[in-house]
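J.: Numbering (my numbering), first residue to last: 1 to 45. Where is the CB? At the ideal position from N, CA and C, for every residue including glycine. Keep in mind it's a predicted model, so treat the numbers as computed, not measured.
Structure follows, in structure tokens:
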């Protein structure tokens, strides 16, 4: 993946950009869930 492409910043509308943004967003959501749910469940996540 990405072979043959000139170097440029990730375009948010390409497949790589969408996957990168989704991965970053999923990390933010998982961290947020750990913080909010951790208080209720005694940090057993």
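Straight-line CA distance for residue 17 to residue 11?
T.: The straight-line gap from Cα to Cα measures roughly 5 Å.
J.: Can you tell me whether residue 13 is helix, strand or coil according to DSSP?
T.: Three-state result, residue 13: coil.
J.: Among residues of its own chain, excluding the 5 on either side of residue 27, which ones have a beta-carbon nearer than 8 Å to its beta-carbon?
T.: Contacts found: none.
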